Amino acid sequence: MTALIGALPDPIMLLDAHGLVASANGKARDLLNMDPEGQHISSAIRAPAILEAVQAVLEHGGTRRVDYEQHVPLQRHFEAYVAAMAEPEQMILILLRDLTREQQTERLRADFVAHASHELRTPLASLLGFIETLQGAAKKDEVSRERFLALMQTQAERMKRLIDDLLSLSRIEMNAHLRPTGTTDLKQIAFHVRDTLSGLAKAAGVEIKIDNKEPLVVQGDWDELVQVVQNLIENAIKYAASGKAIEISGRRLGEDCELTVRDFGPGIAEEHLPRLTERFYRINVQESRQRGGTGLGLAIVKHILNRHRGKMRIQSELGAGSSFTVRIPAVSHEAK
Ligand code: ADP
Numbered sequence: 015m016t017a018l019i020g021a022l023p024d025p026i027m028l029l030d031a032h033g034l035v036a037s038a039n040g041k042a043r044d045l046l047n048m049d050p051e052g053q054h055i056s057s058a059i060r061a062p063a064i065l066e067a068v069q070a071v072l073e074h075g076g077t078r079r080v081d082y083e084q085h086v087p088l089q090r091h092f093e094a095y096v097a098a099m100a101e102p103e104q105m106i107l108i109l110l111r112d113l114t115r116e117q118q119t120e121r122l123r124a125d126f127v128a129h130a131s132h133e134l135r136t137p138l139a140s141l142l143g144f145i146e147t148l149q150g151a152a153k154k155d156e157v158s159r160e161r162f163l164a165l166m167q168t169q170a171e172r173m174k175r176l177i178d179d180l181l182s183l184s185r186i187e188m189n190a191h192l193r194p195t196g197t198t199d200l201k202q203i204a205f206h207v208r209d210t211l212s213g214l215a216k217a218a219g220v221e222i223k224i225d226n227k228e229p230l231v232v233q234g235d236w237d238e239l240v241q242v243v244q245n246l247i248e249n250a251i252k253y254a255a256s257g258k259a260i261e262i263s264g265r266r267l268g269e270d271c272e273l274t275v276r277d278f279g280p281g282i283a284e285e286h287l288p289r290l291t292e293r294f295y296r297i298n299v300q301e302s303r304q305r306g307g308t309g310l311g312l313a314i315v316k317h318i319l320n321r322h323r324g325k326m327r328i329q330s331e332l333g334a335g336s337s338f339t340v341r342i343p344a345v346s347h348e349a350k
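The numbering of the sequence shown is my numbering, which starts it at 15 and goes up by one.
Here is the structure:
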């Protein structure tokens, strides 16, 4: 029995008919930070709900499930499963299932849904407001009508961008466990994205320079890596262009390839850097919205890089600009 519970991954204790701990596995000793063997369950675990469940099972047999929270050293939430055992008779099993991770994931998911709904509700509320005005006060006013229709278009486009980004994120997450199989050259991607964004760059009065000659072939998906580079260059144009240059450089570094998008804009204060890839995190929500941002661009970049076993490094200095470097494993010569 001791060997069996020792091999199981959850904290487990066996109690005798008096409530004394007859056996505890390593996970239980770690959790309680002591060896409870020989002690009464009430001194091993100070949780009234578990003690009541043990008492009830001792008296009436059967099983009970109760919640157990641990606050020190970390906040953890367990479900305690207390069961009378048929063999050896009158023994009781206590198994603790750690639900902390599951609950955190559930909370993150709920937060995300709340956040996404809120982001969609804002333009929707404004659209409804304009529709009401067009049906009422501005019904016969042609000048106002044109103006309102243009504003409605802006709001509808914002909703569309948000939905596109949300769908993108969910598609990437769905494939997160599948490593991309194609081979893609990051240098070609840089040139391709520069062409795609040439109109936007021109409008912002910014020149995109690429100083890389050698191919940077990685194991990766063309469309997804285009999205990565496009998001980074778009951000540089949106937040940091104002007539300056954007420099793209690449290099082979050991087993990896790196591509850097550097701008000479206002830079990003250090406290924001670790949070930039969180969904909906923006330094200035108003500015991001005005420039057509959704707050999901860098979260999408991070997820795509995770799938590619890659990483992103952000360096920035206030007043001097920022550089976003992505690093992805190169295709080895044998695999090419
Ligand atoms: P958004 O859709 O708002 O652009 P991102 O996830 O792409 O969302 O970026 C998150 C935030 O990071 C932006 O709102 C902006 O505040 C900041 N940011 C991103 N790139 C740059 C940059 N090159 N220079 C300054 N700030 C940046």
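Every residue, glycine too, gets a C-beta built ideally from N, C-alpha and C.
A quick note: this is a predicted structure, and the numbers were derived from the prediction, not measured.
*Roughly how many whole angstroms lie between the Cα atoms of Ala-259 and Gln-202?*
20 Å
_Backbone CA spacing between Lys-316 and Thr-291 [nearest angstrom]_ = The alpha-carbon atoms of Lys-316 and Thr-291 are separated by roughly 6 Å.
*Under the criterion of a Cβ to heavy atom distance below 7 Å, does Arg-296 qualify as lining the ligand ADP?*
yes
*Local conformation of Asp-209 per DSSP, three classes*: helix
*From the DSSP output, in three-state form, read off Pro-137 for me.*
Judged by DSSP in its simplified three-state form, Pro-137 adopts helix.
*Cutoff 6 Å; reference Phe-338; Cβ partners in own chain excluding five residues on either side*: Leu-246, Val-275 and Ile-328
_Tell me which residues share the same chain as Leu-134 and place their Cβ nearer than 8 Å to its Cβ, disregarding the 5 neighbours each side in the sequence._
Met-173, Leu-176 and Ile-177
*Using 8 Å as the Cβ pair cut-off and three pairs as the minimum, do the region 125–141 and the region 103–116 touch?*
no
*May I ask whether a heavy atom of the ligand ADP can be found less than 7 Å away from the beta carbon of Ser-336?*
yes
*How would you write the range of the alpha helix (DSSP H) that Tyr-253 sits in, first residue to last?*
In the DSSP assignment, Tyr-253 falls within the unbroken alpha helix (DSSP H) covering 236–254.
_Cα-Cα separation, Met-48 to Leu-34_ = When rounded, the separation of the alpha-carbon atoms in Met-48 and Leu-34 is 15 Å.
*Could you name the residues of the same chain whose beta carbon sits closer than 8 Å to that of Gly-279, not counting the 5 residues immediately before and after it, in chain order?*
Ala-250, Tyr-253, Ala-254, Ala-255, Ser-256, Lys-258, Gly-335 and Ser-336
_If you follow the beta strand (DSSP E) that Lys-223 is in, where does it begin and where does it stop?_
Boundaries of the beta strand (DSSP E) harbouring Lys-223: 221–224, taken from the DSSP string.
*asked:* At a cut-off of 7 Å, would you count Arg-308 as near the ligand ADP, judging by its Cβ distance to the nearest heavy atom?
replied: Note that residue 308 is Thr in the sequence shown, not Arg. Within the cutoff, so yes.
*Starting from Met-27, follow the beta strand (DSSP E) in both directions and report where the run begins and ends.*
26–29
*Between Glu-51 and the rest of its own chain, which residues show a CB-CB distance below 8 Å, the 5 nearest in sequence each way excluded?*
Val-35, Ala-36, Ser-37 and Ala-38
_Any beta strand (DSSP E) of 3 or more consecutive residues that is wholly inside the region 38–112_ = The DSSP assignment places 77–84, 90–98 and 106–112 as complete runs of the beta strand (DSSP E) inside the region 38–112, in order along the chain (cut-off: 3 residues).
*Apart from the five residues just before and just after Glu-83, which ones in its own chain have a Cβ nearer than 6 Å to its Cβ?*
His-91
*Compute the Euclidean distance between the alpha carbons of Asp-235 and Gln-241, then round it to the nearest angstrom.*
10 Å
_What does the alpha-carbon distance come out to for the pair Ala-31 and Gln-104?_
5 Å
_Per-residue DSSP class, three states only, for Ile-297_ = coil
*Do you know offhand how far Gly-76's Cα is from Leu-192's?*
44 Å
*Looking at the structure shown, is Lys-258 part of a helix, part of a strand, or coil, going by DSSP?*
coil
_Taking the beta carbon of Met-1 as the centre, do at least 16 other beta carbons fall within 10 Å, making it buried, or is it exposed?_
Examination of residue 1 is not possible in this model, given that the chain is present from 15 through 350 alone.
*Between Gly-311 and the ligand ADP, is the CB less than 7 Å from at least one heavy atom?*
yes
*Range of the contiguous beta strand (DSSP E) that encloses Glu-171*: Careful: Glu-171 lies outside any beta strand (DSSP E), inside the alpha helix (DSSP H) at 156–188.
_Cα-Cα separation, His-322 to Arg-289_ = 21 Å
*asked:* So the candidates are Ala-151, Arg-305 and Leu-29; which of them puts its Cα closest to the Cα of Ala-218?
replied: Arg-305
*asked:* Less than 8 Å between the beta carbons of Gly-281 and Leu-332, yes or no?
replied: yes
*Roughly how many angstroms separate the alpha carbons of Glu-146 and Asp-179, rounded to a whole number?*
29 Å
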